[in-house]
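Positions in the sequence shown are counted from 1; adding 9 to them yields the numbering used here.
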Amino acid sequence: MADRDRQRALTTQLQTQFNAIPSELPHDRINTLLIPAERLTETLTFLKHKAEPRFEMLFDLSAIDETERDGGLTVFYQLLSLSGNADLRLKVSLSAEAPVLPSVCTVWSAANWYERELYDMFGIHIDGHPDLRRILMPEYWEGHPLRKTHPNRATEMPPYQLPEARYRSIMESYRAEDYHEPGMSNEEMILNIGPTHPGTHGLLRLVVRLLGEEIRDVKPDIGFHHRGAEKMAERQTYHSYIPYTDRIDYLAGVQNELPYVLAVEQLAGITVPPRAQVIRVMLCELCRVASHLVWVASYAHDTGALAPPFYAFREREYLYDVMELITGGRMHPSFFRIGGVALDLPEGWHEAVQGFLKRMPAAIDEYQALLPNNPILRGRTRGIGVLSIAEAIDWGVSGPNLRACGLEWDLRKRRPYSGYEHYDFEIPTATEGDALARTEVRLEEMRQSLRIVEQAMQNMPAGPVLSAEARYAFPRKEATLQDIETLIHHFIAVSRGMRFPAGESLFVTEAPKGMNGYFVVSDGSENPYRLRIRTPSFPHIQALALLARGHLLADLIPILGSLDYVLADIDR
10 MADRDRQRAL
20 TTQLQTQFNA
30 IPSELPHDRI
40 NTLLIPAERL
50 TETLTFLKHK
60 AEPRFEMLFD
70 LSAIDETERD
80 GGLTVFYQLL
90 SLSGNADLRL
100 KVSLSAEAPV
110 LPSVCTVWSA
120 ANWYERELYD
130 MFGIHIDGHP
140 DLRRILMPEY
150 WEGHPLRKTH
160 PNRATEMPPY
170 QLPEARYRSI
180 MESYRAEDYH
190 EPGMSNEEMI
200 LNIGPTHPGT
210 HGLLRLVVRL
220 LGEEIRDVKP
230 DIGFHHRGAE
240 KMAERQTYHS
250 YIPYTDRIDY
260 LAGVQNELPY
270 VLAVEQLAGI
280 TVPPRAQVIR
290 VMLCELCRVA
300 SHLVWVASYA
310 HDTGALAPPF
320 YAFREREYLY
330 DVMELITGGR
340 MHPSFFRIGG
350 VALDLPEGWH
360 EAVQGFLKRM
370 PAAIDEYQAL
380 LPNNPILRGR
390 TRGIGVLSIA
400 EAIDWGVSGP
410 NLRACGLEWD
420 LRKRRPYSGY
430 EHYDFEIPTA
440 TEGDALARTE
450 VRLEEMRQSL
460 RIVEQAMQNM
470 PAGPVLSAEA
480 RYAFPRKEAT
490 LQDIETLIHH
500 FIAVSRGMRF
510 PAGESLFVTE
520 APKGMNGYFV
530 VSDGSENPYR
540 LRIRTPSFPH
550 IQALALLARG
560 HLLADLIPIL
570 GSLDYVLADI
580 DR
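Given below as structure tokens:
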């Protein structure tokens with residue numbers, strides 16, 4: 010059955026069986042239906058277990074405050090069928106006053122944190138949730154930041170004050186959690202790790218329940234990095250938000266920019282010139298290598314190997330010299346533009362990329378010898394933190410962590426974008442699903458990224474690097490100096506911002522840590538009405554307890570590090 014016919018048949022079945030109401034296809038062409046809240050749980054259960062195709066993964070769950078449009082709240086469930094390579098978006102309309110939803114934690118384990126985020130950011134009560142409390146903001150925070158009524162800037166709020174009595178009250182609740190949990194036996198104890206532990210690579214707190222040295226449970230406490238990247242998008246123009254994307258997974262550079270600009274280009278129907286697409290792919294794969302190099306260095310340090318961090322950061326510096334030559338930036342280049350890239354390739358770029366490609370294969374062989382081939386590291390990582398394919402999908406795991414379980418799922422192959430279908434490369438997988446398998450997959454991914462970079466370098470097409478659609482693209486500086494109409498367009502675009510079509514657009518790419526998606530909701534103005542960022546690290550850290558239970562305390566940091574997360578990717 011063709012995809013469109015299968016989509017139509019599923020829509021008809023959901024209409025007749027669950028009272029679903031189909032909506033007009035958004036710009037991303039994802040089948041979207043409105044579901045009554047009282048039929049939500051049974052609808053999602055059907056879609057996961059019995060539908061054709063089955064939607065095995067809860068890819069994302071969030072909401073839109075509609076009070077400045079139609080009123081109320083819209084909660085959306087973004088579902089992914091890996092077996093059928095299909096998407097489905099379900100929406101539920103709620104009142105803005107005292108909104109309530111049933112929990113779907115019994116359908117997908119990954120729903121737990123997403124539902125807590127709904128409660129925290131929008132004030133939506135989740136009926137039946139096993140642990141409903143704030144997740145990104147502290148418990149004493151007043152208001153729900155992603156509501157339209159919540160201030161957008163700190164300057165719109167009174168100065169924050171924390172009287173001593175209030176401070177002591179807050180600290181008392183943390184101390185109580187550190188020493189006691191309901192259901193604990195007298196032989197068990199609570200160990201607090203972080204939020205400034207060197208093994209957590211940022212402000213992450215782990216509340217670990219132990220019986221002797223055996224891990225009984227782990228509760229990650231996130232939110233320390235929370236900077237409101239989604240909220241800030243609502244006061245930025247579509248172009249001026251690009252630098253903010255680099256700071257989400259701040260180790261992946263332009264890999265953050267790509268899904269955002271692709272989502273906006275999809276929204277506006279912008280065609281990107283071929284040369285710009287190849288430049289994007291080349292830089293994205295260089296940033297994949299850069300991200301994996303940081304992981305190699307930090308994971309080696311986590312497991313007690315002191316030499317690899319120096320070697321990995323050495324190669325990373327060579328790579329950043331190439332990035333700096335091409336983009337003018339290193340970690341956060343802000344180089345992609347809606348419609349292409351900021352600048353054409355500079356003189357000497359080919360030699361610089363070629364020099365880096367020449368030195369990297371031997372370096373990766375060094376990492377292979379020092380890490381997965383090292384008997385000490387193998388002993389510490391083989392058989393720990395094991396994740397099956399079914400568990401990975403249930404928890405929303407993607408990227409190398411999913412492929413290490415044996416599932417060959419990579420969007421560059423399954424849903425090629427930016428011309429990836431024209432490149433010859435392999436998708437590394439493993440079958441063990443443990444910490445060592447995740448290590449081996451990432452090292453092989455670096456080799457495959459080098460193959461892609463070399464092909465991009467050798468087959469770089471000629472032509473422009475920015476879309477000629479003047480309505481959405483910035484004109485070149487030389488053109489503004491010769492034509493008054495072009496100068497006026499540039500002045501308006503920079504000062505006020507460009508208006509983009511009303512609608513919705515989701516685009517997901519294969520980032521170094523997993524599937525990274527930007528969901529843009531436009532009301533036709535110069536600013537996004539809502540911007541949702543679905544990051545891979547958020548569901549990965551949620552699954553930490555599953556991986557760690559039953560292991561020893563000494564295994565916790567090797568398990569944690571093997572997930573390759575970054576805190577800003579979790580807290581957004």
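We put the beta carbon where it would ideally sit given N, CA and C, even for glycine.
For residue i, three-class secondary structure by DSSP
i: G388; result: helix
i: R143; result: coil
i: K486; result: helix
i: G570; result: helix
i: S90; result: strand
i: E243; result: coil
i: D96; result: strand
i: G442; result: coil
i: K228; result: strand
i: P425; result: coil
i: S458; result: helix
i: V116; result: coil
i: P160; result: coil
i: I44; result: coil
i: T83; result: strand
i: Y253; result: helix
i: S32; result: coil
i: F509; result: coil
i: A399; result: helix
i: L276; result: helix
i: L334; result: helix
i: A72; result: strand
i: L23; result: helix
i: S102; result: strand
Residue j beta carbon less than 8 Å from that of residue i
i: A444; j: I568; result: yes
i: G349; j: V474; result: yes
i: G203; j: L215; result: yes
i: G394; j: S571; result: yes
i: T544; j: I179; result: no
i: R447; j: P484; result: no
i: Y426; j: L271; result: yes
i: P35; j: S514; result: yes
i: L276; j: S531; result: yes
i: T52; j: L23; result: yes
i: I44; j: L99; result: yes
i: A361; j: V331; result: yes
i: N536; j: R244; result: yes
Pairwise C-alpha distance: residue j and residue i
i: E274; j: L200; result: 48 Å
i: A554; j: H499; result: 52 Å
i: I550; j: A119; result: 10 Å
i: P548; j: M524; result: 11 Å
i: H560; j: R480; result: 57 Å
i: A163; j: P229; result: 27 Å
i: T390; j: A378; result: 15 Å
i: E584; j: I279; result: Summary: the structure shown does not reach residue 584, with the chain confined to residues 10 through 581, and so no result is reported for it.
i: E47; j: L110; result: 8 Å
i: I542; j: D14; result: 30 Å
i: F64; j: W117; result: 11 Å
i: E77; j: K157; result: 8 Å
i: L82; j: A60; result: 27 Å
i: Y574; j: Q491; result: 49 Å
i: Q566; j: P252; result: Checking the sequence shown, residue 566 turns out to be Ile, not Gln. Cα to Cα, I566 sits roughly 32 Å from P252.
i: Y149; j: T205; result: 22 Å
Endpoints, the beta strand (DSSP E) within which residue i is located
i: F134; result: Sequence check: residue 134 is His here, not Phe. H134 to D136 is the extent of the beta strand (DSSP E) around H134.
i: E513; result: G512 to A520
i: R38; result: Careful: R38 lies outside any beta strand (DSSP E) and carries neither H nor E.
i: P111; result: V109 to P111
i: M524; result: G523 to S531
Terminal residues of the alpha helix (DSSP H) in which residue i lies
i: M193; result: Where M193 is concerned, there is no enclosing alpha helix (DSSP H), given that its DSSP letter is neither H nor E.
i: Y376; result: W358 to L379
i: D258; result: Neither: D258 is in no alpha helix (DSSP H) and is coded neither H nor E.
i: E124; result: A120 to F131
i: N410; result: P409 to R412
i: R289; result: P283 to D311
i: V503; result: I493 to S504
Cβ-Cβ separation, residue j to residue i (assumed contact under 8 Å), whole Å
i: G428; j: Q286; result: 5 Å
i: F344; j: L292; result: 7 Å
i: E197; j: L562; result: Actually they do not touch by this definition, with Cβ atoms about 13 Å apart.
i: E266; j: R421; result: So it is not a contact: roughly 16 Å between Cβ atoms.
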